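Visitor:
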Ligand code: R5P
């Protein structure tokens, strides 16, 4: 196996390679002065399993270089090309919200499935779809960050109450709470537009004295968290710790969340960000190792 990193993914790729005890592959990816992509392979990949680490945050800039590298690896004799995309983009436009819209989660899945052999990702936003197989035609391995979040909470937050902002968060919030040995609450959310979110007021009277820990898969505009932080402060709770698996933080979202009264904002390094405190490299490597042994041995 050889692990390649698209620009911006080198630290994570090195971390995974270190845990797995495999080599990182050498390649050059850069822009020509006119903005087009230049891609060059600088190592042998013949009959090897190539892995490309490319988190798909701001995916429109990444998809073409990713496509070129995957094609080049295949043409250069790689036996398979796996994409490790810790954050998988285009999972939220998963239905027709308004007439005439593109359901881009479907289009993106068709595109990725056409040029990589398998996909490994962390907590993809599976809301209206039950599994990746409903979207992707390649084998997909989904990894859950919940155990890492629970470990962090156990280590750093005394007496927590875990809070999820909406019904779809229950799947990971309940798991995080169980492993952190803490109670949890799930709120109700209505999104009126990209920047207008309404979250129900949490009933927290029974939890006064606990530290609220808000947990969500994605923090994008942070409006979901900001609204919840506001409710908790009005209810007289301590300043909450906010944890996002994927720190997308569009525009000034991070600064806005801190200013709204979060005690701490914590994230996984699925996307590089100053809030990264939870390292996913070891978990990715462990799962990849087991996955490769089974799927590749069976010739998939
Ligand atoms: C949505 O359903 C997700 O689970 C998150 O709650 C959402 O992506 C957060 O978005 P924002 O930070 O823009 O409120």
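Numbering (the working numbering), first residue to last: 4 to 303. All residues carry an ideal CB built from backbone N, CA and C; glycine is no exception. None of the values given here were measured: they were computed from a predicted structure.
Do residue 24 and residue 5 have their C-beta atoms within less than 7 Å of each other?
Guide: Along the chain shown, read from residue 1 onward, the residue named residue 24 stands at position 21. Along the chain shown, read from residue 1 onward, the residue named residue 5 stands at position 2. Cβ atoms of residue 24 and residue 5: not closer than 7 Å.
Visitor: Say whether the stretch 133-140 touches the stretch 152-160, bearing in mind that this needs 3 or more beta-carbon pairs closer than 8 Å, one atom from each stretch.
Guide: Touching, no, given that fewer than three Cβ pairs across the two stretches are closer than 8 Å.
Visitor: What's the C-alpha gap between residue 239 and residue 126?
Guide: One-based indexing of the chain shown puts residue 239 at position 236. One-based indexing of the chain shown puts residue 126 at position 123. Rounded to whole angstroms, residue 239 to residue 126 spans 32 Å at the Cα level.
Visitor: State the Cα-Cα distance for the pair residue 271 and residue 279, rounded to the nearest angstrom.
Guide: One-based indexing of the chain shown puts residue 271 at position 268. One-based indexing of the chain shown puts residue 279 at position 276. Approximately 5 Å, taken between the alpha carbons.
Visitor: If you reduce the DSSP assignment to three classes, tell me which class residue 187 lands in.
Guide: Position 184 of the chain shown, counted from the start, is the residue given in the question as residue 187. In the structure shown, residue 187 sits in a strand (DSSP, three-state: E or B).
Visitor: Could you have a look at residue 156 and say whether DSSP puts it in helix, strand or coil?
Guide: Against the chain shown, residue 156 aligns to sequence position 153. Reduced to three states, the DSSP call for residue 156 is helix.
Visitor: Can you tell me which of the three DSSP states residue 97 falls into?
Guide: Here residue 97 refers to the residue found at position 94 of the chain shown. Residue 97: coil per DSSP, three-state reduction.
Visitor: Quick one: Cα of residue 261 to Cα of residue 218, how far?
Guide: On the chain shown, residue 261 is found 258 positions in, with the first residue counted as 1. On the chain shown, residue 218 is found 215 positions in, with the first residue counted as 1. One C-alpha to the other measures close to 15 Å.
Visitor: How far does the alpha helix (DSSP H) with residue 226 in it reach, from first residue to last?
Guide: Translated into positions along the chain shown, residue 226 becomes position 223. That run of the alpha helix (DSSP H) goes 226-237.
Visitor: Would you mind sorting residue 114 into buried or exposed? The rule is 16 or more other CB atoms within 10 Å of its CB.
Guide: Numbered from 1 along the chain shown, position 111 holds the residue referred to as residue 114. Residue 114 comes out exposed.
Visitor: Who are the near neighbours of residue 171 in its chain, counting only those whose CB is closer than 6 Å to its CB and skipping five residues on each side?
Guide: Position 168 of the chain shown, counting from 1, holds the residue named residue 171. Closer than 6 Å at Cβ, skipping near neighbours: 130.
Visitor: How many angstroms separate the CA atom of residue 94 from the CA atom of residue 202?
Guide: If you number the chain shown from 1, residue 94 lands on position 91. If you number the chain shown from 1, residue 202 lands on position 199. Going by the C-alpha atoms only, they are around 21 Å apart.
Visitor: With a threshold of 6 Å, establish whether the CB of residue 200 neighbours any heavy atom of the ligand R5P.
Guide: Indexing the chain shown from 1 puts residue 200 at position 197. Yes, the beta carbon of residue 200 sits closer than 6 Å to at least one heavy atom of the ligand R5P.
Visitor: Residue 41 and residue 249 - do their beta-carbons sit closer together than 7 Å?
Guide: Start at 1 with the first residue of the chain shown, and residue 249 comes out as number 246. Start at 1 with the first residue of the chain shown, and residue 41 comes out as number 38. Their beta carbons are not under 7 Å apart, which means residue 249 does not touch residue 41 by this criterion.
Visitor: Under DSSP, the beta strand (DSSP E) around residue 247 begins and ends at which residues?
Guide: Within the chain shown, residue 247 is the residue found at index 244, counting from 1. It spans 244-250 - the beta strand (DSSP E) in which residue 247 sits, taken as one unbroken run.
Visitor: Assuming residue 228 and residue 222 make a contact with CB atoms under 8 Å, what is their CB distance in whole Å?
Guide: Your numbering for residue 228 matches position 225 in the chain shown. Your numbering for residue 222 matches position 219 in the chain shown. Confirmed, Cβ separation roughly 6 Å.
Visitor: Just to confirm the assignment, what range does the alpha helix (DSSP H) spanning residue 68 have?
Guide: For the purposes of this step, residue 68 is taken as residue 65 along the chain shown, with counting starting at 1. Start and end: 66-78.
Visitor: Can you tell me whether residue 3 is helix, strand or coil according to DSSP?
Guide: The requested residue 3 is not part of the displayed model; the chain covers only 4 to 303.
Visitor: Would you list the residues sitting across from residue 182 in a DSSP beta bridge?
Guide: Counting from 1 along the chain shown, the entry for residue 182 is found at position 179. Beta-bridge pairing links residue 182 to no other residue.
Visitor: Does DSSP classify residue 308 as helix, strand or coil?
Guide: Given a span of 4 to 303 for the chain in the structure shown, any question on residue 308 remains unanswerable.
Visitor: Let me know if residue 211 comes out buried or exposed under the rule of 16 or more other beta-carbons within 10 Å of its beta-carbon.
Guide: For the purposes of this step, residue 211 is taken as the residue at position 208 of the chain shown. Label assigned to residue 211: exposed.
Visitor: Compute the minimum distance between the beta carbon of residue 132 and the heavy atoms of the ligand R5P, and state whether it is under 6 Å.
Guide: Locating residue 132 in the chain shown gives position 129, where the first residue counts as 1. Flag unset: Cβ of residue 132 not near the ligand R5P.
Visitor: Between the Cα of residue 120 and the Cα atoms of 52, 17 and 104, which residue gives the shortest distance?
Guide: Within the chain shown, the letter at position 117 stands for residue 120. Residue 120 has its Cα closest to that of 52, out of 52, 17 and 104.
Visitor: By alpha-carbon positions, which one of 75, 117 and 86 ends up nearest to residue 12?
Guide: In the chain shown, the residue the question calls residue 12 occupies position 9. When only C-alpha atoms are compared, the closest one is 86.
Visitor: According to DSSP, which residues form a beta bridge with residue 167?
Guide: The residue you call residue 167 lines up with position 164 of the chain shown. Note: residue 167 sits in a beta bridge opposite 189.
Visitor: Going straight from the alpha carbon of residue 54 to that of residue 247, what length do you get?
Guide: By one-based count along the chain shown, residue 54 stands at place 51. By one-based count along the chain shown, residue 247 stands at place 244. Spanning the two alpha carbons is a distance of roughly 26 Å.
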